[in-house]
Amino acid sequence: MHDNDGRSQDGVRVRRDDHVLHITLDTPDNGNLVSAAMGEAIVAALAGLDPQVRLVVLRGAGADFCAGRVSPTPAKGAPPPSAERLRQLVAQPALDLYDAIKAVPVPTLAIVQGRAIGVGTALAAVCDLTLAAEDSRFQVPEMERDIPPTLVMAALCDRVPLKSLAWLVLSRREWSGREAQAGGLLSFTAPAAQLEQEAQALIATLAAGSPVALRACKQYLAHAPAMPPQAASAFAAHLCATALSARY
Numbered sequence: 001m002h003d004n005d006g007r008s009q010d011g012v013r014v015r016r017d018d019h020v021l022h023i024t025l026d027t028p029d030n031g032n033l034v035s036a037a038m039g040e041a042i043v044a045a046l047a048g049l050d051p052q053v054r055l056v057v058l059r060g061a062g063a064d065f066c067a068g069r070v071s072p073t074p075a076k077g078a079p080p081p082s083a084e085r086l087r088q089l090v091a092q093p094a095l096d097l098y099d100a101i102k103a104v105p106v107p108t109l110a111i112v113q114g115r116a117i118g119v120g121t122a123l124a125a126v127c128d129l130t131l132a133a134e135d136s137r138f139q140v141p142e143m144e145r146d147i148p149p150t151l152v153m154a155a156l157c158d159r160v161p162l163k164s165l166a167w168l169v170l171s172r173r174e175w176s177g178r179e180a181q182a183g184g185l186l187s188f189t190a191p192a193a194q195l196e197q198e199a200q201a202l203i204a205t206l207a208a209g210s211p212v213a214l215r216a217c218k219q220y221l222a223h224a225p226a227m228p229p230q231a232a233s234a235f236a237a238h239l240c241a242t243a244l245s246a247r248y
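Using UniProt numbering, read the sequence shown as starting at 1 and increasing by one per residue.
The following block contains the structure:
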């Protein structure tokens, strides 16, 4: 559930500011742990995006971007769930959330401060652009509990180099913002005191683009890497011509 006037519902605040849709994780008291309801609210906010929206911005309220996920697994003592039930409870909601962000037809920007742990790391990196404070912290610690973080890996495998992904997952070590940028997880870092200034400047730059040009860039980024070179070139020509034709 969401409300375009910026009120928080289900732990998510959604606000439309001209051509920009702002989505804020809004449970700062627990580090913006993502609950099932929050994930559903984000997916709903992204569904049927207004054609005039040129940018989607994802951020977290308070000190942290996102410290992880509210555990969806059954409580201890409950009857053992089947594998299919665990898939429905644990896997599918997370994958639906990541897929919804990837499917946004315009650029997505994550603005990260504080902790981005587990799901938080995935949400930060799954966006097209990720701007983070230099002292932000990234970690995928699931292997400490002997849980393979394949859901987070599914979000990241086409976003970061495999060597970086393997190191992040298997070493379980925390990365600073600068280390995360070096590992390919982030686009850019800024001193914490300048993060909001850098974010607003970037938002203004992106929102100044035309919807057709921004969508063309997004389509190329999404599809060209998997294409043979000749097909990628033909796709580039098609998108460029289509965008230019909209100007006449």
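All residues carry an ideal CB built from backbone N, CA and C; glycine is no exception.
Opening and closing residue of the beta strand (DSSP E) in which residue i lies
{"i": "residue 277", "result": "The structure shown has nothing for residue 277, since the chain only spans 1 to 248."}
{"i": "T24", "result": "V20 to L25"}
{"i": "F188", "result": "F188 to A190"}
{"i": "V212", "result": "That residue, V212, is in no beta strand (DSSP E); its alpha helix (DSSP H) goes P211 to H223."}
{"i": "R13", "result": "V12 to D17"}
Neighbourhood of residue i by C-beta, 6 Å cutoff - its chain only, sequence neighbours within 5 removed
{"i": "L165", "result": "L156"}
{"i": "P81", "result": "P74"}
{"i": "G184", "result": "V160, P161 and S164"}
{"i": "A226", "result": "none"}
Beta-carbon proximity of residue i to residue j, cut-off 9 Å
{"i": "E198", "j": "F188", "result": "yes"}
{"i": "R16", "j": "V106", "result": "no"}
{"i": "D128", "j": "L109", "result": "yes"}
{"i": "T121", "j": "V90", "result": "no"}
{"i": "R13", "j": "D64", "result": "no"}
{"i": "A124", "j": "A192", "result": "no"}
{"i": "T27", "j": "R59", "result": "no"}
{"i": "I117", "j": "L131", "result": "no"}
{"i": "V53", "j": "L86", "result": "no"}
{"i": "V104", "j": "L186", "result": "no"}
{"i": "Y248", "j": "A236", "result": "no"}
Assigned exposure category for residue i - 16 Cβ within 10 Å defines buried
{"i": "Q200", "result": "exposed"}
{"i": "L41", "result": "Here the sequence assigns Ala to residue 41, which means Leu is not the residue at that position. A41 should be labelled buried."}
{"i": "L170", "result": "exposed"}
{"i": "C240", "result": "exposed"}
{"i": "I147", "result": "exposed"}
{"i": "L33", "result": "buried"}
{"i": "A67", "result": "buried"}
{"i": "Y98", "result": "buried"}
{"i": "S71", "result": "exposed"}
Enclosing alpha helix (DSSP H) for residue i [first to last residue]
{"i": "L170", "result": "L162 to S171"}
{"i": "R178", "result": "G177 to A182"}
{"i": "L55", "result": "Counting along the chain, L55 falls outside any alpha helix (DSSP H), though it belongs to the beta strand (DSSP E) covering L55 to G60."}
{"i": "V34", "result": "First-last for V34: undefined, no H or E at that position."}
{"i": "C240", "result": "P229 to S245"}
{"i": "A204", "result": "L195 to A207"}
Cβ-based neighbour list, residue i, same chain, cut-off 7 Å, excluding 5 preceding and 5 following
{"i": "V126", "result": "Y98, I101, K102, A155 and R159"}
{"i": "D3", "result": "Residue confidence is low: D3 scores 47 on pLDDT, short of 50, so the model does not pin down where it sits. Its coordinate-derived value is still stated next. Q9 and V14."}
Just to confirm the assignment: which complete alpha helix (DSSP H) runs, minimum length 4, are found wholly within the segment 68 to 151? 83 to 86, 92 to 102 and 119 to 126
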